[in-house]
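Below: one structure, written as structure tokens.
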Amino acid sequence: MPNNKNIKTIAWARVTKHFKAAFLVSLVPMILTVLSVMSNHNRTTNFTDDRMLDNSDYTNVPHEINHFLQDNWPTILLVSLVIAAFLLVISAVMSAVATFFTESSVSGFIDWHETNVTPEHPIKAGFQLLTSMNFKIALLRAIYTILWSLLFIVPGIIKSLSYSQAIYLYRDDLRHGREIKTANTYISESRKMMYGFKGQLFIMYLSLIGWYFVTLITFGLANIFVLPYTLAIRAEFYIALRELLPPTEQNTVL
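Using my numbering, the final residue of the sequence shown is 338, and nothing's skipped along the way.
What follows is the structure in structure tokens.
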């Protein structure tokens, strides 16, 4: 069984001894994280400003609006469902885009481990897996996770852990010149590979809560170190798991 302490020790040594290279491998996910934080801050600020400017009493709904809602509830329900579906699609695409770049950086750390040589061009190393198949897997993984999350939060978390190794499995086939399978197959292989290890990966993530708290109180500044460290951990976890459980093909995902 992979040892979480050893995995974190290896990742820690890689990032602390070669911080500049680790930072540059993680550069694009770093930029996306900064943009996300800025976007959330702007939305929060605008919402607060609107609430301060608008002092109207929202409980006094006009009589005409009450009648409109009562007379047109089927249309309103249909429109609401369409809007909800649209928002789910947007959420899946945004999640897939973030995963697309993040997992490419993790692949760069896997390459780094396998060659045991610090990347000469670390930014390029983080771009090596920006392929259409990477995005297909990321999108399909996001869709499946969102669908499971609609049942409840816990199934969504479990499935996200199950599908977490899919892109790395594709990366191995690509690196070794093997036949490239379908996105659904890689997700299925990840689910099989993670059988019995989802809890361990979840505990690994929980052990990093302190680092996320440090990032919070430093207003994201600590993420300059924390993000490369967490990506290196994900790479080392996959490498340790791969040595124990060679992936096996399976046809179903859900």
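Glycine included, each C-beta is placed from N, C-alpha and C at the ideal position.
The structure displayed is predicted, hence computed values, not measured ones.
Evaluate residue i with the Cβ neighbour count: other Cβ atoms within 10 Å of its Cβ, from every protein chain shown; 16 or more gives buried, anything less gives exposed.
{"i": "A97", "result": "exposed"}
{"i": "K101", "result": "exposed"}
{"i": "F303", "result": "exposed"}
{"i": "V275", "result": "Sequence check: residue 275 is Arg here, not Val. Burial call: buried."}
{"i": "L315", "result": "buried"}
{"i": "T269", "result": "buried"}
{"i": "V99", "result": "buried"}
{"i": "M288", "result": "buried"}
{"i": "A168", "result": "exposed"}
{"i": "L137", "result": "Residue confidence for L137 is low, a pLDDT of 49 falling below 50, so the modelled location carries little weight; the figure read from the coordinates is stated next. Result: exposed."}
{"i": "G192", "result": "buried"}
{"i": "S216", "result": "exposed"}
{"i": "S272", "result": "buried"}
{"i": "E204", "result": "exposed"}
{"i": "N218", "result": "buried"}
{"i": "V166", "result": "exposed"}
Given residue i, which residues of its chain have a CB within under 8 Å of its CB, disregarding the five upstream and five downstream residues?
{"i": "I64", "result": "The structure shown does not extend to residue 64, since the chain is modelled only from 85 through 338, so no value can be given for it."}
{"i": "P239", "result": "W232, S233"}
{"i": "P86", "result": "F281, Q284, F321, A324, L325, L328"}
{"i": "L286", "result": "According to the sequence shown, residue 286 is Phe rather than Leu. These residues qualify, in order along the chain: I241, L245."}
{"i": "I317", "result": "I91, K92, A95, M288, L292"}
Where do the ends of the alpha helix (DSSP H) carrying residue i lie?
{"i": "E204", "result": "Note, E204: premise wrong, no alpha helix (DSSP H); not H, not E."}
{"i": "Y270", "result": "267-277"}
{"i": "S248", "result": "Looking at the DSSP string, S248 is not in any alpha helix (DSSP H), and its letter there is neither H nor E."}
{"i": "N87", "result": "Element bounds for N87: n/a, residue is neither H nor E."}
{"i": "A106", "result": "103-109"}
{"i": "F297", "result": "293-301"}
{"i": "R225", "result": "216-235"}
Quick one: measure Cβ to Cβ for residue i and residue j, integer angstroms, because I've assumed they're closer than 8 Å.
{"i": "A324", "j": "I91", "result": "6 Å"}
{"i": "D257", "j": "K265", "result": "7 Å"}
Which same chain residues, not among the five before or five after residue i, have their C-beta less than 7 Å away from its C-beta?
{"i": "I207", "result": "L108, L111"}
{"i": "A176", "result": "L223, A226, I227, I230"}
{"i": "A182", "result": "L116"}
{"i": "F185", "result": "V112, P113, L116"}
{"i": "S179", "result": "A226"}
{"i": "K220", "result": "A267"}
Among residues of its own chain, excluding the 5 on either side of residue i, which ones have a beta-carbon nearer than 6 Å to its beta-carbon?
{"i": "T202", "result": "H102, A105"}
{"i": "N88", "result": "M288"}
{"i": "Y247", "result": "R225, I271, S274"}
Under 7 Å: does the beta carbon of residue i sit that close to some heavy atom of the ligand GTP?
{"i": "V99", "result": "Here there are no bound small molecules, and the ligand GTP is not part of this structure."}
Is the number of C-beta pairs between the region 167-177 and the region 292-301 that are closer than 8 Å three or more?
Output reads no: the region 292-301 does not touch the region 167-177.
Would you be able to state if there are at least three C-beta pairs under 8 Å between the region 200-220 and the region 277-286?
Verdict: no, contact absent.
I want to know whether the region 242-249 touches the region 224-234 - three or more CB-CB distances under 8 Å.
A contact exists between the region 242-249 and the region 224-234.
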